[in-house]
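Asker: Pasting a structure here, questions to come.
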Amino acid sequence: MPKGQAGTVAAKLAEAVARLYPTLRDNPDYTAIISDRHFQRLRAMIAEARDAGADVVEINPAGEDFGATSRKLLPTLVSNAGPDLRLMREEIFGPVLPIVEYAAIDEAISHVNQADRPLALYWFGKDSTNRQRILRETAAGGVTINDCMLHLVQENQPFGGVGASGMGAYHGEWGFRTFSKEKPVFLQSRLSAGALLRPPYGKTFERLFGLLRHIT
């Protein structure tokens, strides 16, 4: 996000979480992490960032105690995180949002292009020139403008990654082609010109070869 706005955005995000989820621990609308392994993976990412000096803010609207057995993870904002940290290099798949500021749009584009090509890219803004630069100068599996994830539910568009984020695409016709196998079949007729291309080569072959050479 633009430099100097991290604090404002973090406060707005905390307000939005509190409005959507006044409580978290027993709220059926707020899900838990699918397994202990992934829960511990996320906690390790957050701990690494905190130990490295990043600013970590956990959003707990009701100040609840989740206990030792819960796999519910607090919505967490992380700013000033170094590029070598796991949460800056790996897919997170959890309620952890790194916040990175940029001074100019060129810096944001460079930041995206320095890493593996992402599965999704989200651009929020009203400046059409910057929007076109983002679309033209970065590569991602898909893009949603001024929202999140909605490009992947469009049946008239393919969904898939690029480079390290995946190969191929599905949805609609693209899904049919990706998950189907076309079987090529060639039937040779009784009259075949193949004999003209087999040895021993003579004048007929030389004339045919000369003709093809002139054509190509």
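In the numbering used here, the protein residues as written are 79 to 294. Glycine is no exception: its CB is placed at the ideal position from the N, C-alpha and C atoms.
Counting only runs that start and end within the segment 171-209, where is the alpha helix (DSSP H) found for 4 or more residues in a row?
Answerer: 183-192
Asker: Using 8 Å as the threshold, is the segment 153-170 in touch with the segment 125-141, meaning 3 or more CB pairs across them?
Answerer: Yes, they touch.
Asker: Hey, is the segment 199-215 in contact with the segment 230-247, meaning 3+ C-beta pairs nearer than 8 Å?
Answerer: Too few Cβ pairs lie closer than 8 Å, so no.
Asker: Could you name the residues that DSSP lists as bridge partners for residue 221?
Answerer: 199
Asker: Is it a yes or a no for the segment 263-270 touching the segment 209-227, going by three-plus beta-carbon pairs under 8 Å?
Answerer: no
Asker: Using only the alpha-carbon positions, how far apart do residue 272 and residue 293 sit?
Answerer: 19 Å
Asker: Are the CB atoms of residue 259 and residue 181 within a distance shorter than 8 Å?
Answerer: no
Asker: Would residue 227 be called buried (16 or more neighbouring beta carbons within 10 Å of its own) or exposed?
Answerer: exposed
Asker: Assuming residue 177 and residue 79 make a contact with CB atoms under 8 Å, what is their CB distance in whole Å?
Answerer: 7 Å
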